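Under this note's numbering, the first residue of the sequence shown carries the number 740, and numbering increases by one thereafter. What follows is one structure encoded as C-alpha cells, with my remarks underneath.
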Amino acid sequence: MDTQTTTSNHQPPTTNHSPPLLTVTDLHKHYRIGGQDLCVLEGVDMDVRPGEWVAVLGASGSGKSTLLHLIGGLDRPDKGAVTFDGRDIFKLRGGALDRYRNRHVGFVFQSYHLLPELTALENVLTGAMIRSSILGWPARRGEARRRAVALLGRVGLGERMKHRPSKLSGGERQRVAIARALVNEPDVLLADEPTGNLDTETGKQIMELITELHQQGQTIVMVTHDQDIAATADRRLWLREGALEEA
Ligand SMILES: Nc1ncnc2c1ncn2[C@@H]1O[C@H](COP(=O)(O)OP(=O)(O)OP(=O)(O)O)[C@@H](O)[C@H]1O
Ligand SMILES: [Mg+2]
C-alpha cells in the first residue's frame, strides 16, 4: 500500500501531553476450551490520549480483538481495568456500561456486521436507536436521521442511502459501518481490522477516510496486522505474549 498517499497532510503530533482519555491497566483475559486454559492477555497496559490514533499490531491469535472488545466493554476481563473519564468501566452499575458502549465508543468490525434487510441509512440509524430509550426515540428520530444522512454524505455514500448491504461493494459496506459507528459522536472509534476484507485499493480508500476522521480530531484505536496500515497512525503498539510493547 502506498502510505505516502494516506499520510499526505497528516502531521502526527510529536507530543500529546493531554491526560489520557482511556487507560488500560494490567488487563488479563483467558479462555477455557476443552478443559485447557488459554491465557490471551497477561497484563496489558496502554493509554490513549484525546485526538490520538493508536494502532495495535500483532500476529493472528495474539489477542488483538480480545483487547478491543474489552476496551469497548463488550466482554469482561479476569483482572485489570479500563478507565474512561476517570472510572473503571467494569465497575459501572445499572445502565452505565451500556451508556459507555453506546455513547462513548463506536465499533467498526472487519466483517461490517450490517443488518442485511435494512438500507444503508437504516443501518446507520440503528446506532442512534440503540443509544435512545424506546420512549425517547420518536422525539430524537428526526435529528438522528439528519445526522445519519450527513454522515453517509461524509463517507461518500450520499447517493447510496437507500441501498441494502447486498447492493453495496465491500468498501461501501465498511463506509456504512463507519458512519454507524460515528452516529453517536463517540469519543473513541474502535476499529478491528477495518480493511481486513477489502482489496488493496478499497482498503486504501477506507484508510484515507479514517485518516481524514483523525485529522478532524477523532480519537482512534485500530487493530491491524498490516504494518503499512499501522504506519499511518500516531503510535504503534505490538501485542506479544499477552502484553503490549511500543513498536
Ligand atoms: N470466545 C472465545 N473462546 C475461546 N477462545 C477464544 C475466544 N475468542 C478468542 N479465543 C482465542 O483467543 C486467542 C486470541 O483471539 P483473538 O481473536 O483476540 O486474536 P486476534 O489477535 O484478534 O487474531 P486475528 O488477527 O486472527 O483476528 C485465539 O487463540 C482465539 O482462538
Ligand atoms: Mg482479530
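Virtual Cβ for every residue (Gly too), placed ideally from N, Cα, C. All of these numbers come straight from a predicted model, not from anything done at the bench.
Contacting residues, own chain, Cβ-Cβ under 7 Å from residue i (five flanking each side not counted)
i	result
I828	G812, V821, L836 and Y839
A982	E781, G782 and V783
G897	L891
L853	N862, P904, R912, V915 and A916
L937	G909, G910, Q913 and I945
C778	H769 and G981
R919	N862, V863, T865 and G866
Residue i, buried or exposed, once every other Cβ within 10 Å from all chains shown has been counted against 16
i	result
P904	buried
E980	exposed
D931	buried
E882	exposed
Y851	buried
E924	exposed
L952	buried
I959	buried
Residue i: CB within 7 Å of a non-hydrogen atom of ligand 3
i	result
S804	Here the bound small molecules are ligand 1 and ligand 2; ligand 3 is not part of this structure.
Integer-rounded CB distance, given that residue j should sit under 8 Å from residue i
i	j	result
S801	L978	5 Å
E911	R899	6 Å
D969	L796	The displayed chain sequence assigns Ala, not Asp, to residue 969. Correct: roughly 5 Å between the Cβ atoms.
R870	R826	About 19 Å separates the two Cβ atoms, so there is no contact after all.
G790	G956	5 Å
R975	A794	5 Å
Contacting residues, own chain, Cβ-Cβ under 8 Å from residue i (five flanking each side not counted)
i	result
P855	R903, P904 and S905
R771	L777
Nearest-angstrom Cα separation, counted from residue j out to residue i
i	j	result
K818	T764	9 Å
G895	D973	25 Å
E861	T939	28 Å
E985	V915	32 Å
F823	V787	10 Å
Q966	K803	14 Å
H806	R885	Residue identity check: residue 806 is Leu in the sequence provided, not His. Near 33 Å, if we compare the C-alpha coordinates of R885 and L806.
T963	T971	12 Å
G774	L809	23 Å
E947	Q954	10 Å
G1023	V847	Outside the displayed range of the chain (740 to 986) lies residue 1023, so it cannot be described from this structure.
L831	R879	26 Å
Cβ-based neighbour list, residue i, same chain, cut-off 6 Å, excluding 5 preceding and 5 following
i	result
G942	T934
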